[in-house]
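To start, the structure under review is shown below, and the notes come after it.
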Amino acid sequence: MENLIALLVAAPLLGAAVLLCGGRRLDPVGHWIGTVLASASFVIGAILFADMLGKDEEHRALAQHLFSWIPVEGFQADIAFQLDQLSMTFVLLITGVGSLIHVYSIGYMEHDERRRRFFGYLNLFLAAMLLLVLADNYLLLYVGWEGVGLASYLLIGFWQHKPSAATAAKKAFLVNRVGDMGLSIAIMLMFTTFGTFAFGPVLEATGETGEGKLTAIGLMLLLAACGKSAQVPLQSWLGDAMEGPTPVSALIHAATMVTAGVYLIVRSGEIFNAAPDAQLVTTVVGAVTLLFGAIVGCAKDDIKKALAGSTMSQIGYMILAAGLGPIGYVFAIMHLVTHGFFKAGLFLGAGSVMHGMNDEVDMRKYGGLRKHMPVTFVTFGLGYLAIIGFPGLSGFFSKDKIIEAAFAKGGTEGWILGGVALLGAAITAFYMTRVMLMTFFGEKRWQPDEHGHEPHPHESPKSMTIPMIVLAFGSVFAGGFFGIGDRFLHWLEPVTEHTHGHPPIGATTVTLSTMVVLVIGVGLAYLQYGRRPVPVVAPRGSLLTRAARRDLLQDDFNHVVLVRGGEHLTRSLVYVDHTLVDGVVNGTAASMGGLSGRLRKLQNGYARSYAVSMFGGAAILIAATLLMRAV
Amino acid sequence: MNPVNYLYLAALLFTIGASGVLIRRNAIVVFMCIELMLNACNLAFVAFSRMHGNLDGQIIAFFTMVVAAAEVVVGLAIIVSLFRSRHSASVDDASLMKL
Chain C
1 MENLIALLVA APLLGAAVLL CGGRRLDPVG HWIGTVLASA SFVIGAILFA
51 DMLGKDEEHR ALAQHLFSWI PVEGFQADIA FQLDQLSMTF VLLITGVGSL
101 IHVYSIGYME HDERRRRFFG YLNLFLAAML LLVLADNYLL LYVGWEGVGL
151 ASYLLIGFWQ HKPSAATAAK KAFLVNRVGD MGLSIAIMLM FTTFGTFAFG
201 PVLEATGETG EGKLTAIGLM LLLAACGKSA QVPLQSWLGD AMEGPTPVSA
251 LIHAATMVTA GVYLIVRSGE IFNAAPDAQL VTTVVGAVTL LFGAIVGCAK
301 DDIKKALAGS TMSQIGYMIL AAGLGPIGYV FAIMHLVTHG FFKAGLFLGA
351 GSVMHGMNDE VDMRKYGGLR KHMPVTFVTF GLGYLAIIGF PGLSGFFSKD
401 KIIEAAFAKG GTEGWILGGV ALLGAAITAF YMTRVMLMTF FGEKRWQPDE
451 HGHEPHPHES PKSMTIPMIV LAFGSVFAGG FFGIGDRFLH WLEPVTEHTH
501 GHPPIGATTV TLSTMVVLVI GVGLAYLQYG RRPVPVVAPR GSLLTRAARR
551 DLLQDDFNHV VLVRGGEHLT RSLVYVDHTL VDGVVNGTAA SMGGLSGRLR
601 KLQNGYARSY AVSMFGGAAI LIAATLLMRA V
Chain B
1001 MNPVNYLYLA ALLFTIGASG VLIRRNAIVV FMCIELMLNA CNLAFVAFSR
1051 MHGNLDGQII AFFTMVVAAA EVVVGLAIIV SLFRSRHSAS VDDASLMKL
């Protein structure tokens, strides 16, 4: 069975190689190759999963050592895989949602002449993401980490003829680099501290290491997670990443890649458990991002950017849960999986709407689409109910547990974190209801574009609706399946460990208050967008609304602090370079030139003057010899 | 006679030759001065040979004569060809080897 693990990665990697090197003659079949290989990976994953279920909890983890990558004395880097329950969960999510999105893309990208390349990149992404979650050491994880970054860059900038897409791709890449630096520093610290970077030895050795070092490693890992998972302060790239094709937003920027940070923190759980300061920072980052993303999501009129704000906010929940330690790890991953279903479904729904509306993304120009797109409406609606935490649906089970765990943190911290999580739930209900009402309810607000074409909203083809239906099923039932009887908890517990928290208020109270804030959020959104007609041109709005439309001034902040600051720094460095460094170099050169100009005069061409030097030299030598003898 | 006197003479001759090389311009005279220096050395060798009572100095003196003869051949040939090309035997005219 172990030998199948490498195949998981190899199948999509093969697809990427064939599709990207195969050239134009593969154009007619390229999308099928990509989809079949992605599905093959899913089938292998399912086989491994079935095999894993057949064993007892203690013997479920599989390991495969492929080959030694860099074998140096004292530095062993191996290409080796590890498949435990945590990796398995990710493998199924990645390949499952990935395959569905491959199918969806067949229809969505039908009229794009570079469709083969698109599927090549998607396969490349799957391979890198699987490598990331299957690696058994941090170095190989880093390879996958960079691989998904590359795939994300290529796919955000897939329509590179649009300057906005090209810029967004560059922005995502650069911001991610900052986080990647964190991961590489963390790996170097691990190597100097533990002498290895394989998960097993590193995580076992945390008990004998000083807390300071572990805090440093934890904070660097958190920085890496912030970059990849779009958490404050490295969140600015995710909104712009929506320039990519919608299936990419669904797969990479909602369901899988952006959750890699959560995986990293949960996988490194032992390090965080032993470093309470790093955990505290993690929860703060999660709580801040949770509100940040939710507020941004409330103000955006671009449907994809509103969903991107929501993604940021939901990952904030996961990071918050991961920062809580053993009381939260399982729920972080559970929310991650349910979020993977409903957010991918919501994005695919958004893509379906755009498909029918001539790629219009402004929700103010939608309205009343439920009659024109019944399937999209129902699937999107189920995803909507799941994300706001409607009782019985996925989000209800996973988010509720996180809120409960946040309260269970204890003390003032617990109250603050729990309160923030509850507030986030209310805002989630508000902005998702807003998206729902603006898109599918009310009067039609679309108008002919400048060429006089009026959009004719229509239902998308089967290849697009079927994945949406499957994901909608997941959004409805996954949470209940995982949550009832703590099935997911028992499944993951052997890897991540779990301790039951004791919230200061009862679980029922938490659930009830979640319901109350849910109703408040939905009600407010209904009063604002359901009762009154939605204006086609956005009103000026309050100061907060305007700031939220500009992503709470994140880009302005980055511009003033980082870009301007960087410019000043480089300018002063250039000044120092010109005056000091160049001064020394030029001064040396000038004095050498002057000296050699003098020396040159000795070479006057007169044989006699050379003879004088010779005689003089000989005389000095003789005098010196005599002197030495005399002494 | 005290052989040291020969050494004084050799030193005098060498000095005359050396100053001639440095001061005179005519290539032939410079050349003659070089010969004078060589012969001053020969005189010193022979004097030392006499003082130490062995023949090493005398043998070296013979060698020097042979080398000097060969040198004369080459040197005079250079001077003659120099004179032919420039119609002058001044060493200062041949000062092209400079920056």
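Residue numbers (the numbering used here), protein chains in the order written: chain C, 1 to 631; chain B, 1001 to 1099. Cβ coordinates follow ideal geometry from the N, Cα and C atoms, glycine included.
Alpha-carbon to alpha-carbon, residue j and residue i
i, j, result
"C:V378", "C:L423", "27 Å"
"C:T192", "C:L122", "36 Å"
"C:V178", "C:S463", "38 Å"
"B:I1059", "B:A1010", "18 Å"
"C:L37", "C:F90", "18 Å"
"C:V296", "C:A547", "9 Å"
"C:M242", "C:A151", "14 Å"
"C:L540", "C:A299", "According to the sequence shown, residue 540 of chain C is Arg rather than Leu. Those two C-alpha atoms are separated by around 11 Å."
"C:D112", "C:H458", "19 Å"
"C:S542", "C:K305", "19 Å"
"C:K171", "C:S184", "20 Å"
"C:T658", "C:R370", "Past the edges of chain C, shown from 1 to 631, lies residue 658 of chain C, and the structure says nothing about it."
"C:G227", "C:F292", "15 Å"
"C:D486", "C:V330", "10 Å"
"C:E204", "C:E270", "8 Å"
"C:M288", "C:V202", "Looking at the sequence provided, one finds Val at residue 288 of chain C rather than Met. Each residue's alpha carbon lies about 30 Å from the other."
"B:P1003", "C:S613", "32 Å"
"B:Y1006", "B:I1079", "32 Å"
"C:G452", "C:T95", "42 Å"
Listed by chain order, chain E residues near residue i by CB distance under 7 Å
i, result
"B:M1097", "In the displayed structure, chain E is absent; the protein chains listed are C and B."
Contact list for residue i against chain B, beta-carbon separation under 7 Å
i, result
"C:V612", "L1022"
Contact list for residue i against chain C, beta-carbon separation under 7 Å
i, result
"B:D1092", "Y606"
Amino acids of chain B, ordered along the chain, whose beta-carbon sits closer than 9 Å to that of residue i
i, result
"C:F615", "A1018, V1021, L1022"
First through last residue of the alpha helix (DSSP H) which encompasses residue i
i, result
"C:L66", "No alpha helix (DSSP H) contains C:L66, which is instead part of the beta strand (DSSP E) from 62-72."
"C:G340", "329-356"
"C:H490", "487-496"
"C:L280", "276-299"
"C:W415", "411-440"
"C:K401", "394-408"
"C:S591", "582-600"
"C:G200", "199-204"
"C:P374", "374-388"
"C:H161", "Looking at the DSSP string, C:H161 is not in any alpha helix (DSSP H), and its letter there is neither H nor E."
"C:D136", "It is not in any alpha helix (DSSP H) - C:D136 carries neither H nor E in the DSSP assignment."
"B:T1015", "1004-1023"
"C:P467", "462-483"
8 Å contact criterion, which residue i and residue j should meet: CB distance rounded
i, j, result
"C:I327", "C:A408", "6 Å"
"C:Y108", "C:H355", "6 Å"
"C:A294", "C:I427", "4 Å"
"C:R364", "C:V536", "5 Å"
"C:V285", "C:V232", "6 Å"
"C:D301", "C:D362", "5 Å"
"C:G15", "C:I33", "6 Å"
"C:A513", "C:I387", "Note that residue 513 of chain C is Ser in the sequence shown, not Ala. About 18 Å separates the two Cβ atoms, so there is no contact after all."
"C:I315", "C:V262", "7 Å"
"C:V97", "C:A344", "5 Å"
"C:F347", "C:A254", "5 Å"
"C:S99", "C:L134", "Rounded, the Cβ-Cβ distance is 17 Å, inconsistent with contact."
"B:C1041", "B:G1020", "That belief does not hold up - the Cβ atoms of B:C1041 and B:G1020 are roughly 15 Å apart, past 8 Å."
"C:L214", "C:A165", "The pair is not a contact, with the Cβ atoms about 41 Å apart (cut-off 8 Å)."
"C:E443", "C:A507", "At roughly 43 Å, the Cβ-Cβ gap does not stay under 8 Å, so C:E443 and C:A507 are not in contact."
"C:M357", "C:Y366", "7 Å"
"B:E1035", "B:A1068", "7 Å"
"C:V103", "C:A128", "Contact flag wrong, Cβ pair sits at about 20 Å."
N- and C-terminal bounds of the beta strand (DSSP E) containing residue i
i, result
"C:D27", "Per DSSP, C:D27 belongs to no beta strand (DSSP E) and is neither H nor E."
"C:D78", "75-83"
The ligand FMN heavy atom lying under 7 Å from the CB of residue i
i, result
"C:L320", "Of ligands this structure carries none, so the ligand FMN is not represented either."
*Give a yes or no on contact between the region 392-405 of chain C and the region 330-343 of chain C, applying the rule of three or more CB pairs nearer than 8 Å.*
The answer is yes - the region 330-343 of chain C touches the region 392-405 of chain C, with three or more Cβ pairs under 8 Å.
*asked:* Would the region 212-220 of chain C count as touching the region 75-82 of chain C if we require 3 or more Cβ pairs under 8 Å?
replied: no
*Would you check if there are 3 or more beta carbon pairs closer than 8 Å linking the region 1089-1097 of chain B to the region 597-605 of chain C?*
yes
_With a threshold of 8 Å, are at least 3 pairs of Cβ atoms found where one atom belongs to the region 435-447 of chain C and the other to the region 522-539 of chain C?_
yes
*Does the count of Cβ pairs from the region 371-386 of chain C and the region 242-254 of chain C closer than 8 Å reach three?*
With a cut-off of 8 Å, the region 242-254 of chain C and the region 371-386 of chain C do not count as touching, because too few Cβ pairs lie within range.
*Taking contact to mean at least 3 C-beta pairs separated by less than 8 Å, is the region 4-12 of chain C in contact with the region 60-72 of chain C?*
yes
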